[in-house]
Each structure stands twice: as structure tokens, then as C-alpha cells.
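Remarks on the structure that follows.
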Ligand SMILES: [Mn+2]
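Written as C-alpha cells, this is what we have:
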């Protein structure tokens, strides 16, 4: 295959090793499920790779995988990865030891099961083991051009689905049914699958930020909140829209309209603060101040979560925009900006977009 993968992989590896001190190998060990960093480094879009080991050194990736997955790996492999077929435990130990024995290695403590950790420690005898998670997280926060283009495409698909879902609103449809229709639209526009379980809330359910779609039926004057995402080449989008026009003419209308306008202003003021070099905490603080001080304080304390999180190969990619976030925003990070107001027993409004950080400011994807 071509060199573009090699370049992308080696710059990812370079970013990871730039924040590990003295580490010679990083092992991404899949258990029954796949460490997202496995996809991040290989770019594989097919295969489960249970029990496989991906060994990263400064200039190289080596994949130790079973007979079962070997052909799937070879089909997708590019010249940045060496694939070794493992046929038994003894060979696995030999291969691991030859890479790891006596060396300083990093493992992803946020993923690896203790059983695999101790297997590597005992069987491959590294000199030291440290946590590679902080380095992986830091590397993944800054996206390359390809990653940005995938997320941009995923966001465009979700926005298109948000624009056409309104025609499907009809009295009596359940949240579950509407969520399925949303996922169908999203797939028809090019999504490989939802980036997380689609959230659909009618009326009062919109006061619960992580409500799962239920059998509740849409009433004549209910607002509809949809929080959903698409995937393109494994990269995620995450977008929320609250459709309040349906409430027009109901007793709820005036209050929910004020809520909507306040959330919109809060999102605008957060995005104004999104810029390379600004602190990671400043966008949240701007949005929270806006919500707390609006309308003489009637929504004070009703914004009950962080402003946003980084999106990438995972929908929650590790970083966050919260009042406690330390450090600065950097060019080509992508965060959600998703302020909301939630009033129990009444309803809720959230507006969420995916924002690319540039030196000039935040760009909505
Ligand atoms: Mn989100």
C-alpha cells in the first residue's frame, strides 16, 4: 500500500513517544474488546483482534495476532505495520520477549486487564512498566488532516440528518422509533454507524441529559431533543439539537423559548473563547456565567455538566472543556461545545456542535 499511512502512523508514534520519558516500547494489548488506541494506530476498519498485541517502537509497529485474524490484518495492512502470525503460547512469549525483555515499556493502564498486565510482566520480563495512557491521550487530542476530514464529514452527516428528521415528527411516534429513523437517515447519508446510542427525548425527558429512548409517545406540544453522532472511517461526530417550535402556543412556550435563546447565547459565548492559546477552562466559564446570570438568575445552577469533551476515534476522546480543565487549547484539537439548561418536570434544552480549534478561533464542523 502507499506511503500516506506510513507518514500518518509515524507522526502519531512520534507524538506519543514525545511525552514518555525513556520508554522504548508501548504495547497495546486487546482483551476481549479492542483498545481504541489499536484502531488509532493501525487505521484498521475491520476485525476484532481479540487477544492481539500491537507493539510500538519509535519507528515501527509490530502486530502479533492469531490465525483467526491474520488474513483480516494482512488485507488491511500497510507498509507501516509488520504482522506476525501467532500459533501458540510459546511463540507468543518468544515474540513478546524479543521485543520487551529488559526494556522500559509502557502499557495503557486505562484499558489493559490485570491478567494481561501480569502475563506480560512475567512472561516477557520488561525492566520497567509505566502507564502509557497520558501519552496516548495527549497524542490523540491533536488531530492530523485526515482525522479532521473524517470528523468534518461525520459532523456534516449528523447535521444533514438533524435537518431532515423534523419531517418525521408525528404525534404518537415513540422515542425509540424516532431514534431508529434517525439512525437510518444517518446511515443513508454515509455514516458507518452511530458513534453512540442515539438519545431522543420528548418533553419532560429532555431534562435528563443522558436519557435513553423509551416507549414515550410524542405529544402535540412536546419539544424534541436529539443528541446523536455518526462515524466515518472510525471517527466520530457528536451533535445535539433541541426542536422547540412544536411548543408554540402551549403554556410551555415562553419559558422554553427563553431557555433556548439563553443556551444559544451561552454556546456563542463559549465558542468566542475557543482559540489556540486560551485556557481549556475559559469556554466553560463563559457559558456558565451566561446561563447563571440570564433573566435575573432564573436558570442559575441548571447547567449541570461540563461544556464539552474532545471527539476523535472515540466520541469521548479523553479531553474535556470543564471549569477544572488545566492547560491550553492547541491548534487542531476538536471539542464539543454543548451547554444546556435542565429543569426537572418541565423539560430541557441543549445545543451541541463539534468545534475545531485554530489560531484564529473556533470553527464549527
Ligand atoms: Mn457530547
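Residue numbers (this note's numbering): 4 to 368.
Even for Gly, the Cβ is constructed at its ideal location relative to N, Cα and C.
(message) Rounding to the nearest angstrom, what Cα-Cα distance links residue 137 and residue 143 in this structure?
(response) Your numbering for residue 137 matches position 134 in the chain shown. Your numbering for residue 143 matches position 140 in the chain shown. Looking at the two C-alpha atoms, the distance is approximately 10 Å.
(request) Below 8 Å on the Cβ atoms is my guess for residue 41 versus residue 31; work out the distance and round it to an integer in Å. (result) Position 38 of the chain shown, counted from the start, is the residue given in the question as residue 41. Position 28 of the chain shown, counted from the start, is the residue given in the question as residue 31. Confirmed, Cβ separation roughly 5 Å.
(message) Quick check on the DSSP output: the alpha helix (DSSP H) that includes residue 266 runs from which residue to which?
(response) As a first step, residue 266 must be located in the chain shown, where it is residue number 263. Looking at the DSSP string, the run of the alpha helix (DSSP H) that includes residue 266 is 256-276.
(request) Pick out the complete beta strand (DSSP E) segments inside the region 125-200, 3 residues or longer, and give them in chain order. (result) Listed in chain order, they are 131-134.
(message) Assuming the contact rule is C-beta atoms closer than 8 Å, residue 242 and residue 332 should be a hit. Round their C-beta distance to whole Å, please.
(response) By 1-based counting over the chain shown, the position of residue 242 is 239. By 1-based counting over the chain shown, the position of residue 332 is 329. About 20 Å; that fails the 8 Å criterion.
(request) Counting only the same chain and skipping the five closest in sequence on each side, list residues whose C-beta sits under 7 Å from that of residue 345. (result) Position 342 of the chain shown holds residue 345. So the list reads 210, 212, 305, 307, 351, once near-sequence residues are dropped.
(request) Look at the Cβ atom of residue 199, then the Cβ atom of residue 175, and state whether they are nearer than 7 Å. (result) As a working note, residue 199 is residue 196 in the chain shown. As a working note, residue 175 is residue 172 in the chain shown. No, Cβ-Cβ distance for residue 199 and residue 175 is not below 7 Å.
(request) Name all residues in chain order for which at least one heavy atom of ligand 1 lies closer than 5 Å to the residue's CB. (result) Selection output, chain order preserved: 241, 339.
(request) Take residue 103 and list the residues in its own chain whose beta-carbon comes closer than 8 Å to its own, dropping the five residues that flank it on each side. (result) As a working note, residue 103 is residue 100 in the chain shown. Excluding residues within five positions, the ones whose Cβ falls inside 8 Å are 28, 30, 58, 123, 127, 128, 129.
(message) Rounding to the nearest angstrom, what Cα-Cα distance links residue 99 and residue 334 in this structure?
(response) Within the chain shown, residue 99 is the residue found at index 96, counting from 1. Within the chain shown, residue 334 is the residue found at index 331, counting from 1. Each residue's alpha carbon lies about 37 Å from the other.
(message) Distance check for residue 161 and residue 301, CA to CA, integer angstroms please.
(response) The residue given as residue 301 occupies position 298 in the chain shown. The residue given as residue 161 occupies position 158 in the chain shown. If I take the Cα positions, the gap works out to 32 Å.
(request) Answer with buried or exposed for residue 318, where buried requires no fewer than 16 other C-beta atoms within 10 angstroms of its C-beta. (result) Position 315 of the chain shown, counted from the first residue, corresponds to residue 318. Under this definition residue 318 is a buried residue.
(request) Kindly provide the ranges of any alpha helix (DSSP H) runs that are 4 or more residues long and lie completely inside the region 27-71, ordered along the chain. (result) You should have 39-45.
(message) Let's see if you can read the secondary structure: which residues bound the alpha helix (DSSP H) around residue 84?
(response) What you label residue 84 is simply residue 81 of the chain shown in a count that begins at 1. Residue 84 -> not in any alpha helix (DSSP H); beta strand (DSSP E) instead, spanning 84-89.
(message) I need the straight-line Cα distance from residue 80 to residue 88, nearest angstrom please.
(response) On the chain shown, position 77 is the one that residue 80 refers to. On the chain shown, position 85 is the one that residue 88 refers to. Between residue 80 and residue 88, the C-alpha separation is close to 13 Å.
(request) Between the Cα of residue 95 and those of 109, 114, 119, 245, spot the shortest distance and give me the residue it belongs to. (result) Reading the chain shown from its first residue, position 92 is the one you call residue 95. Comparing Cα-Cα distances from residue 95 to each of 109, 114, 119, 245, the minimum goes to 119.
(message) Pull the bridge partners of residue 243 from the DSSP assignment, please.
(response) For the purposes of this step, residue 243 is identified with residue 240 of the chain shown, where counting begins at 1. Residue pairing by DSSP places residue 243 opposite 230, 355 in a beta bridge.
(request) Measure the alpha-carbon distance for residue 330 versus residue 279 and round it to whole angstroms. (result) Numbered from its first residue, the chain shown carries residue 330 at position 327. Numbered from its first residue, the chain shown carries residue 279 at position 276. Rounded to the nearest angstrom, the two C-alpha atoms are 11 Å apart.
(message) So residue 322 and residue 338 are supposed to be a Cβ contact under 8 Å. How far apart are they, rounded?
(response) As a working note, residue 322 is residue 319 in the chain shown. As a working note, residue 338 is residue 335 in the chain shown. Residue 322 to residue 338, Cβ: 7 Å. Contact.
(request) Check residue 367 in the structure and name its three-state DSSP category. (result) Mapped onto the chain shown, residue 367 falls at position 364. Looking at residue 367 - three-state DSSP - the assignment turns out to be strand.
(request) Whole angstroms is fine: what's the gap from residue 54's alpha carbon to residue 45's? (result) Residue numbering aside, residue 54 sits at position 51 when the chain shown is read from its first letter. Residue numbering aside, residue 45 sits at position 42 when the chain shown is read from its first letter. Distance between residue 54 and residue 45, taken at the CA atoms: about 15 Å.
(message) Is the separation between the beta-carbon of residue 35 and that of residue 52 shorter than 7 Å?
(response) For the purposes of this step, residue 35 is identified with residue 32 of the chain shown, where counting begins at 1. For the purposes of this step, residue 52 is identified with residue 49 of the chain shown, where counting begins at 1. For the 7 Å CB-CB criterion, residue 35 and residue 52 do not form a contact.
(request) Ignore the nearest five residues each way along the sequence and tell me which others in residue 39's own chain have a CB closer than 7 Å to its CB. (result) In the chain shown, the residue the question calls residue 39 occupies position 36. Taking residue 39 as the centre and dropping the five residues before and after it, the same chain places the C-beta of 316, 317 closer than 7 Å to its C-beta, in chain order.
(message) Distance check for residue 284 and residue 228, CA to CA, integer angstroms please.
(response) Here residue 228 corresponds to residue number 225 of the chain shown, with the count starting at 1. Here residue 284 corresponds to residue number 281 of the chain shown, with the count starting at 1. Going from the Cα of residue 228 to the Cα of residue 284 covers about 26 Å.
(request) Using a threshold of 7 Å, state whether the C-beta atoms of residue 61 and residue 20 are closer than that. (result) By 1-based counting over the chain shown, the position of residue 61 is 58. By 1-based counting over the chain shown, the position of residue 20 is 17. Contact flag set, yes.
(message) Using the three-state DSSP reduction, which class does residue 114 fall into: helix, strand or coil?
(response) As a first step, residue 114 is located in the chain shown; it is residue number 111 there, counting from the start. In this structure, residue 114 counts as coil in the three-state DSSP scheme.
(message) DSSP three-state label for residue 311, please.
(response) Position 308 of the chain shown, counted from the first residue, corresponds to residue 311. In the structure shown, the three-state DSSP call for residue 311 is strand.
(request) Could you tell me the distance, in whole angstroms, from the CA atom of residue 181 to the CA atom of residue 270? (result) Here residue 181 is taken as the residue at index 178 of the chain shown, counted from 1. Here residue 270 is taken as the residue at index 267 of the chain shown, counted from 1. Computed Cα separation, rounded: 26 Å.
(request) Go ahead and label residue 359 buried or exposed: buried means 16 or more other beta carbons lie within 10 angstroms of its beta carbon, across all protein chains shown. (result) Start at 1 with the first residue of the chain shown, and residue 359 comes out as number 356. With 16 or more Cβ atoms within 10 Å of its Cβ, residue 359 is classed as buried.
(message) Rounded to the nearest angstrom, what separates residue 353 and residue 295 at their Cα positions?
(response) Translated into positions along the chain shown, residue 353 becomes position 350. Translated into positions along the chain shown, residue 295 becomes position 292. Per the coordinates, the alpha-carbon of residue 353 lies some 15 Å from the alpha-carbon of residue 295.
(request) Note down, in chain order, each residue of its chain lying with its Cβ closer than 7 Å to the Cβ of residue 188, except the 5 sequence neighbours on either side. (result) The count along the chain shown starts at 1 and reaches residue 188 at position 185. These residues qualify, in order along the chain: 164, 167, 168.
(request) Tell whether a beta-carbon distance below 7 Å holds between residue 203 and residue 226. (result) Translated into the one-based positions of the chain shown, residue 203 becomes position 200. Translated into the one-based positions of the chain shown, residue 226 becomes position 223. No, the Cβ-Cβ distance between residue 203 and residue 226 is not below 7 Å.
(request) Measuring alpha carbon to alpha carbon, tell me which of 247, 252, 291 ends up nearest residue 268. (result) Locating residue 268 in the chain shown gives position 265, counting from the first residue. Out of 247, 252, 291, the CA that lies nearest to the CA of residue 268 is found in 291.
(request) Alpha carbon to alpha carbon, how far is residue 116 from residue 71? Give it in angstroms, no decimals. (result) Translated into the one-based positions of the chain shown, residue 71 becomes position 68. Translated into the one-based positions of the chain shown, residue 116 becomes position 113. Annotation: residue 71 to residue 116 spans about 22 Å, alpha carbon to alpha carbon.
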